[in-house]
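Engineer: Here it is, the structure, as structure tokens.
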Amino acid sequence: MKRSGVDLLVGLFVLLGFGALVFLALRAGNMSSAVGLGPTYETTARFDNIGGLKPRAAVRSAGVVVGRVSAIRFDDKAYQAEVVLALDQRYRFPKDSSVKILTSGLLGEQYIGLEPGGDPELLAAGDRITMTQSAVVLESLIGQFLYGRASEEGGK
Amino acid sequence: MRTLLLPLQWLVEFVGSVGKGARFFVHLCWLAVAALRRPRLVIDQIHFIGNYSLSIILVSGLLIGFVLGLQGYYTLRRYGSEEALGVLVTLSLVRELGPVVTALLFAGRAGTSLTAEVGLMKAGEQIDAMEMMAVDPVARVLAPRFAAAVFSMPLLAALFSALGVLGGYLVGVAMIGIDAGAFWSQMQAGVDWLDDVGNGVAKSVVFGFTVAFVALYVGFNAQPTPEGVARATTTTVVAASLAILGLDFVMTALMFSAN
Amino acid sequence: MPDFLSLDRVRFGYGKRVILNDISMRFERGRVVALIGGSGSGKTTILRLIGGQLRPQQGAVVFDGHDVHRLDRDGLYALRRRMGMLYQFGALFTDLSSFENVAFPMREHTDLPESMIRDLVLLKLEAVGLRGAAHLRTSELSGGMARRVALARAIALDPPLIMYDEPFAGLDPVALATVAQLIRRLNDALGCASIVVSHDIKDAFAIADHVFLLAGGRIAAQGTPDEMKASEDPNVRQFLDGDIDGPIAFHFQAKPLAEDLGLGA
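These protein sequences, in sequence, are chains A, B and C.
Okay, so the first sequence: first residue is 9 according to this note's numbering, each after it adds one.
Okay, so the second sequence: first residue is 10 according to this note's numbering, each after it adds one.
Okay, so the third sequence: first residue is 4 according to this note's numbering, each after it adds one.
Right, here's the structure in full:
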């Protein structure tokens, strides 16, 4: 086969292959984990139990992604989990906003729901969000239910 | 006493051959980089190894996409989650089936042809003649093929997965009637380009190294007779396939257990 | 004239099996030397020792002042560029055409421009009478033609030493005579040393200046073709006369026949 013929076919093969890769990466997958949110400011929040929350989980307010969990640490003085939230600089929230750990769908991934409060003063970088609600742990729920049932029975 | 020494001798031989193989692998990698200085040779090999494998890879990818679409639909329908078909098909392909099935097909098609080609060259004294002409056959014959195989594998795996997604789309949306919007949007939400696609690419690169090395090593060390070459091609398929599946387990555990 | 190539007291074997025992030979430029002997007598082994593919257990192979087996890889490769080798079945590269096969050594070892390589290749093919077949693929060549193309490839870099491993095997009389004549003519034209390993007494003797007969790991006899023909040595006589029994026995080593058949003691 002639030189130019081979080169053409190989070039076509390489282009097709890379095209497939690009298609998979961009159209089939999402790049949200790589494409940053732009400049962010960090705030922290303490939880008794973070459940299945993972770093890079979304922070949503009114259902829209406004930030990401950048780090999760354990505070061994207060025996609580400390979560660092990186919030998009475009959005500012009142100082008394609350955060909850919610689950997307019934058995889906956990994310942080941010509900704005009413304080005229806004959260700044390094601030701590004080109103927090921990994740719902299935076992505790079942335990509560059974305990509730038992005390009901006992009360009769 | 003699019988006691036998397993020990066997062990020593085995370890020795592992060492020989490892040395050959490193030598081949080194020479493969040098071979890039002669792009003509590598490009010719990419043509023989990559282009000639395209038909089987593309068709298989499409067919597997069809099957995934069907099977996935029947299973998801039980939980009312048909709309997750897109993410199911894509994740299965990109994480596992794409790299692994492509590698297995590649071992069977390109791996055996490499082994047979090198084995026959050895049987016909061509390797010998090259050595006597002061040309290193490993550098001139094996290294360009190694480089071409390592380069072609990830591309073939990507094509397989892409066609599989297309196949799943055709069955799920065009044939069965799942909402196209849900198909793509759930897929895009559920498939991460680095964690899923990236890891899949990493797997196919490792598989490329594996298949290329096994095929060339077995062919180069085959007995220079017709039976020797025939046996060598069988060895290549068996050894490469087992290595692929074994490495797949190890890599999956490393890459995806963190989730 | 200083020895161009010499084997000094070379000993080679595999484990306990000794193939060559204390062999000493001298080769000069401009002479065709024939190595004859039975199968397994070590003729091809000698060629491999000269080319550095095998290592002798004892003794030395000296080519143009260099001890072949004391050289590092680069030195050995440099030496091999000055040796041409013709294999029994040609050993042409099957993925290349005839032209490309002959051009191979030139492209690998020289920086000559393509136009010059083209001219040289055509001249080499002309020397073996196959310039018109330059474009043919190796699969399209007959046995004799393939061997001649391989010969053209062996002389591509004008080596001072050419080795021929069974160049006459399996050829029809015409092709055989062609190859034999080419070996002699090239040797005289290039002034190189030629070593021909062969079973073919008549044709080897016709072109050789000196003959070595190998038997039992040693040089059983040597001399000019005429001297060999007149020799009374039993090894030489058996080989030249084609006797089926002699120093090379007819029967492979075995128990007495009566024992094998289970007959009386």
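Backbone N, C-alpha and C fix where the C-beta goes; we use that ideal spot for every residue, glycine too.
All values reported here derive from a predicted model rather than from experimental measurement.
Specify, as a first and last residue, the run of the alpha helix (DSSP H) that B/Arg-49 falls within.
Structural biologist: Against the second sequence, residue 49 of chain B aligns to sequence position 40. Unbroken alpha helix (DSSP H) run through B/Arg-49: 48-58.
Engineer: What would DSSP say about A/Pro-102, mapped onto helix, strand or coil?
Structural biologist: In the first sequence, residue 102 of chain A corresponds to position 94, counting from 1. In this structure, A/Pro-102 counts as strand in the three-state DSSP scheme.
Engineer: Could you tell me whether the Cβ of A/Gly-25 comes closer than 8 Å to any Cβ of chain B?
Structural biologist: Taking the first sequence and counting its residues from 1, one reaches residue 25 of chain A at position 17. So yes, A/Gly-25 belongs to the interface.
Engineer: Hey, out of A/Ala-33, A/Gly-27, A/Leu-61, whose CA is closest to A/Val-145's CA?
Structural biologist: Position 137 of the first sequence holds residue 145 of chain A. Selected option, being the one with the closest Cα: A/Leu-61.
Engineer: For B/Gly-117 and B/Val-246, what's the separation of their Cα atoms in angstroms?
Structural biologist: The residue you call residue 117 of chain B lines up with position 108 of the second sequence. The residue you call residue 246 of chain B lines up with position 237 of the second sequence. Counting only the Cα atoms, B/Val-246 lies some 6 Å from B/Gly-117.
Engineer: Can you tell me which of the three DSSP states C/Phe-92 falls into?
Structural biologist: Reading the third sequence from its first residue, position 89 is the one you call residue 92 of chain C. C/Phe-92 falls in the coil class under three-state DSSP.
Engineer: Looking at the C-beta of A/Ala-66, does it have a partner C-beta in chain B at a distance below 8 Å?
Structural biologist: Taking the first sequence and counting its residues from 1, one reaches residue 66 of chain A at position 58. No, its Cβ sits nowhere closer than 8 Å to a Cβ of chain B.
Engineer: Could you check if C/Asp-206 is buried or exposed, using at least 16 other CB atoms within 10 Å of its CB as the buried criterion?
Structural biologist: As a first step, residue 206 of chain C must be located in the third sequence, where it is residue number 203. When all chains shown are included, C/Asp-206 counts as buried.
Engineer: Skipping 5 residues on each side, what residues in its chain have a beta carbon closer than 6 Å to that of C/Asp-236?
Structural biologist: Taking the first residue of the third sequence as position 1, residue 236 of chain C is located at position 233. Correct list, in chain order: Ala-224.
Engineer: Which class does C/Thr-113 belong to by DSSP, given the choice of helix, strand or coil?
Structural biologist: Position 110 of the third sequence, counted from the start, is the residue given in the question as residue 113 of chain C. Residue state, collapsed to three classes: coil.
Engineer: In or out: A/Leu-93 buried (at least 16 other Cβ within 10 Å) or exposed?
Structural biologist: As a first step, residue 93 of chain A must be located in the first sequence, where it is residue number 85. When all chains shown are included, A/Leu-93 counts as buried.
Engineer: Taking DSSP as the reference, what is the three-state secondary structure of A/Ala-42?
Structural biologist: Your numbering for residue 42 of chain A matches position 34 in the first sequence. With a pLDDT of only 48 at A/Ala-42, under 50, the local geometry of the prediction cannot be trusted, and the value read off the model is given with reservation. The answer is coil: DSSP assigns A/Ala-42 none of H, G, I, E or B.
Engineer: Alpha carbon to alpha carbon, how far is C/Met-28 from C/Leu-10?
Structural biologist: To locate residue 28 of chain C, count along the third sequence from 1; it is residue 25. To locate residue 10 of chain C, count along the third sequence from 1; it is residue 7. Spanning the two alpha carbons is a distance of roughly 5 Å.
Engineer: Keeping to the same chain, check which residues put their C-beta closer than 6 Å to that of C/Val-65; ignore five residues upstream and five downstream.
Structural biologist: Position 62 of the third sequence, counted from the first residue, corresponds to residue 65 of chain C. Only Ser-9 meet the Cβ criterion.
Engineer: Using only CA atoms, which one of C/Arg-32, C/Asp-175, C/Ile-222 lies nearest to C/Ile-39?
Structural biologist: Here residue 39 of chain C refers to the residue found at position 36 of the third sequence. Measuring from the Cα of C/Ile-39, the nearest candidate turns out to be C/Ile-222.
Engineer: Mapping the DSSP letters down to three states, classify C/Ala-172 as helix, strand or coil.
Structural biologist: Here residue 172 of chain C refers to the residue found at position 169 when the third sequence is read from its first residue. Here C/Ala-172 sits in coil by DSSP.
Engineer: Can the beta-carbon of B/Ala-119 be found closer than 8 Å to that of B/Ser-62?
Structural biologist: For the purposes of this step, residue 119 of chain B is identified with residue 110 of the second sequence, where counting begins at 1. For the purposes of this step, residue 62 of chain B is identified with residue 53 of the second sequence, where counting begins at 1. In this structure, B/Ser-62 lies closer than 8 Å to B/Ala-119 by Cβ.
Engineer: Does the CB of C/Met-4 have a neighbour CB from chain B at under 8 Å?
Structural biologist: As a working mapping, residue 4 of chain C is identified with position 1 in the third sequence. Reliability of the predicted coordinates at C/Met-4 is poor, the pLDDT of 45 falling under 50, and the value obtained from them is presented with this limitation in mind. Not closer than 8 Å to any Cβ of chain B, the Cβ of C/Met-4 fails to qualify, so no.
Engineer: Please state whether DSSP places B/Tyr-88 in a helix, a strand or coil.
Structural biologist: Counting from 1 along the second sequence, the entry for residue 88 of chain B is found at position 79. B/Tyr-88: coil per DSSP, three-state reduction.
Engineer: Comparing the C-beta of B/Asp-188 with each C-beta of chain A, is any distance below 8 Å?
Structural biologist: As a first step, residue 188 of chain B must be located in the second sequence, where it is residue number 179. So no, B/Asp-188 is outside the interface.
Engineer: Tell me whether the segment 141-152 of chain C and the segment 97-114 of chain C touch, counting them as touching only if at least three CB pairs, one residue from each stretch, are closer than 8 Å.
Structural biologist: yes
Engineer: Kindly identify the DSSP beta-bridge partner or partners of C/His-213.
Structural biologist: Translated into positions along the third sequence, residue 213 of chain C becomes position 210. C/His-213 pairs with C/Val-36.
Engineer: How would you call B/Gln-135, buried or exposed, if buried means at least 16 neighbouring beta carbons within 10 angstroms?
Structural biologist: Residue 135 of chain B sits at position 126 when you count from the first residue of the second sequence. Buried, because 16 or more other Cβ atoms sit within 10 Å of the Cβ of B/Gln-135.
Engineer: Return the residue from the list B/Leu-85, B/Thr-244, B/Ala-252, B/Leu-50 that minimises the CA-CA distance to B/Ser-213.
Structural biologist: In the second sequence, counting from the first residue as 1, residue 213 of chain B sits at position 204. Among B/Leu-85, B/Thr-244, B/Ala-252, B/Leu-50, the Cα nearest to that of B/Ser-213 is on B/Ala-252.
Engineer: Considering Cα atoms alone, identify which of B/Val-27, B/Pro-235, B/Asn-208, B/Leu-175 is closest to B/Ala-262.
Structural biologist: As a first step, residue 262 of chain B is located in the second sequence; it is residue number 253 there, counting from the start. Ranking the options by Cα distance to B/Ala-262, first place goes to B/Asn-208.
Engineer: Closest to A/Gln-141 by C-alpha separation, out of A/Phe-55, A/Val-22, A/Leu-24, would be which residue?
Structural biologist: Along the first sequence, read from residue 1 onward, the residue named residue 141 of chain A stands at position 133. Comparing Cα positions, the closest option is A/Phe-55.
Engineer: Quick check on the burial criterion: 16 or more other C-beta atoms within 10 angstroms. Buried or exposed for C/Lys-232?
Structural biologist: Sequence index remark: in the third sequence, residue 232 of chain C carries index 229 (1-based). Exposed, by the Cβ-count rule.
Engineer: Consult DSSP for B/Asn-8 and reduce its assignment to one of helix, strand or coil.
Structural biologist: Nothing about residue 8 of chain B can be reported from this structure: the residues present for chain B run from 10 to 268 only.
Engineer: Measuring only between beta-carbons, confirm whether B/Ala-148 sits less than 8 Å from chain C.
Structural biologist: The residue labelled residue 148 of chain B in the question sits at position 139 within the second sequence. Chain C, which has no Cβ nearer than 8 Å to the Cβ of B/Ala-148, makes this no.
Engineer: Mind listing the chain B neighbours of A/Phe-153? Cutoff is C-beta to C-beta under 9 Å, in chain order.
Structural biologist: Along the first sequence, one-based indexing puts residue 153 of chain A at 145. None at all; the shortest Cβ gap to chain B is about 24 Å.
Engineer: Verify the CB distance criterion: does A/Ala-33 have a CB-CB separation below 8 Å to chain B?
Structural biologist: The count along the first sequence starts at 1 and reaches residue 33 of chain A at position 25. Yes, because at least one Cβ of chain B sits closer than 8 Å to the Cβ of A/Ala-33.
Engineer: Should B/Ser-64 go down as buried or exposed, given a rule of 16 or more other Cβ atoms within 10 Å for buried?
Structural biologist: As a working note, residue 64 of chain B is residue 55 in the second sequence. It is exposed - the Cβ of B/Ser-64 has fewer than 16 other Cβ atoms within 10 Å.
Engineer: When DSSP labels each residue in this structure, what does A/Met-139 get in the three-state scheme?
Structural biologist: Looking up residue 139 of chain A in the first sequence gives position 131. A/Met-139 falls in the strand class under three-state DSSP.
Engineer: Using a Cβ-Cβ distance cut-off of 8 Å, determine whether B/Glu-91 contacts chain C.
Structural biologist: Taking the first residue of the second sequence as 1, we reach residue 91 of chain B at position 82. No, because no Cβ of chain C sits closer than 8 Å to the Cβ of B/Glu-91.
Engineer: Could you name the residues of the segment 58-86 of chain B whose beta carbon sits closer than 7 Å to any beta carbon of chain A, in the order they occur along the chain?
Structural biologist: Gly-59, Asn-60, Leu-63
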